[in-house]
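As structure tokens, the structure follows; a few thoughts come after it.
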Amino acid sequence: LEAVIRRPATTLGARFETEEVIPMIAGSAAQEPGSLPLLSYLMTDTWNAMRSDATSDGVMHFPLAMVDVSRPLAERAERFLSRHPGREAVIHHLFCLKLAHVPMDGEPVRRRARKAECSVEEWKIVEQLAGADWRLLSVGSDDTDITVEVAHEALLRKWPRLTHWFEEERE
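Going by the working numbering, the first residue of the sequence shown is number 924, and it counts up by one from there.
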């Protein structure tokens, strides 16, 4: 995992603020099932933040106190909500009733929804959230229909707003 973290940055000429962060990120990733896509989100967001900083000197900054490879998922979801005011109810309905199965006890799990199950407004949000800018949902197909599901199940556990919605809707 450390090589997966270090090599792309080195290849692109970026440096880490401190080498100590690399094993911390790898340790966080090792604890998360399906960690490679989560690492991709974390490294891409950190790379983009570095590149968008006009004063950047090619150093990638990570908060040492909290290296969490699933954090970028929740941050992306919150950014999407903040950029789409008035859509929260539709997003709430989509995630809670279409894209997750929430048992009475235990963790929610992702659910694949068919396009036919979604309203026109929900599907517009699906298309946005599946796009390259957000990558929070995955669109595919089965034998009968186009389908959608969360891109990574960690979103169902690590996005605080969504976990709150699940608790409200559990019954």
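Built from N, CA and C at the ideal position, the CB exists for glycine as well. Computed from a prediction, not measured in an experiment: that's the story for all the values here.
Quick check on this structure: which residue in Asp1066, Ala1077 and Met973 has the alpha carbon closest to the alpha carbon of Gly957?
Ala1077
Can you tell me the Cα-Cα spacing of Ser1005 and Ala1055, whole angstroms?
18 Å
Name, in chain order, the residues that DSSP records as bridge partners for Met983.
Phe939
Any Cβ of chain C within less than 8 Å of the Cβ of Leu924?
No chain C is present in this structure, which holds just one protein chain.
How many Å lie between Met947 and Thr941 at the Cα?
Approximately 11 Å between the Cα atoms of the pair.
How about Pro1031 and Ala1039: are their beta carbons less than 8 Å apart?
no
With a cut-off of 8 Å on the beta carbons, I'd call Arg1035 and Thr1070 a contact; round off their distance for me.
5 Å
By how many angstroms is the C-alpha of Ser1061 removed from the C-alpha of Cys1019?
16 Å
From Glu1091 to His1015, what distance separates their C-alpha atoms?
11 Å
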